[in-house]
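Residue numbers (the UniProt record's numbering): 1 to 327.
Printed below as a string of structure tokens:
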């Protein structure tokens, strides 16, 4: 797996929570068209997609009405709405860690570039980014694939295999795929887990704390919070016959490290490894308590990488065991 040298971040729902400002701006614009919406929660779907598309899709506006609604939206947003916003806790620390590791960061958002720059500057985050790329005020370059393409053009020296897009909506995943780069979906934003999985995200982070390990270990598919802690999910392309044997190899590696971690931290560490089979892929759910996660990420990643490398040998062993059972 390639190490990521360039990380593109979406803005709304990924770095900041813009719900108040965006929904109030939409509410203001709709009122100008004689549509009075009391429940701003019903306007949350406007967060993420291009505004023109949202006014057309959700309220049936024609092209002219939608463009006027966007202009009305910006009357409120440019003065007040953009500041009715908050940085998600943990984002500045994530940027510190990534830049300290030598990663290049950029923003690729469907929000107009001028507003994105103002928001990031307001929160003191603009200095982390080599480039901030968004849509144009005239409505062009609002499709996420076009925004990502424009951002990539600013980094001609970076191999696309070493670039990943991080975002909270299906548009971010689709935009990444359109440009041949990897995608990491964040499930704490405004896209549902079902939406992100259906879009085909390469990785899914259930929290901001999960972003860094997923970027560091691309072999890990998901790190999602559960009622019992964190579920780290990795996959191995293998028929079901491999599942038990592969799980045993993974369990041996993780349990060995777990014993050392538990001994060092004092107390018992509860780790369960659950193989699940779908089509020609075995998923391994590694359920660990939250306070045990950090030291186990590299261990699980290494074990999964070894499984990928050892598949031919595991297949031969699985076939041998199957023949033995038939005798």
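Even for Gly, the Cβ is constructed at its ideal location relative to N, Cα and C.
- By the 16-neighbour rule on beta-carbons within 10 angstroms, residue 86 is exposed.
- Residues 94, 97 and 98 of the same chain have their beta carbon placed closer than 8 Å to that of residue 212, with the five preceding and five following residues left out of the count.
- The C-beta separation of residue 58 from residue 45 comes to about 7 Å, placing the pair in contact by the 8 Å criterion.
- Assignment of beta strand (DSSP E) within the segment 80-129, counting only whole runs of 3 or more residues, yields 104-112 in chain order.
- The C-alpha of residue 306 is placed about 31 Å away from the C-alpha of residue 170.
- Per the coordinates, the alpha-carbon of residue 220 lies some 17 Å from the alpha-carbon of residue 310.
- The residues 50, 52, 110 and 135, in chain order, have a CB closer than 7 Å to that of residue 142 in the same chain once the five nearest residues on each side in sequence are set aside.
- In this structure, DSSP gives residue 192 a state outside helix and strand, which the three-state scheme calls coil.
- Looking at the DSSP output, residue 182 bridges to 164.
- Close CB contacts of residue 178 within its chain, under the 6 Å cut and outside five residues either way in sequence, are with 145 (chain order).
- For residue 6, the enclosing beta strand (DSSP E) stretches over residues 6-9.
- By the CB criterion at 8 Å, residue 186 and residue 200 fall outside the cutoff.
- Selection 84, 12 and 11 evaluated against residue 24 yields 84 as nearest (Cα-Cα).
- Taking one beta carbon from each stretch, the segment 60-75 and the segment 30-46 have 3 or more pairs nearer than 8 Å; the two touch.
- Under the three-state reduction of DSSP output, residue 138 falls in the coil class, being neither helix nor strand.
- Under DSSP, residue 203 shares a beta bridge with 184.
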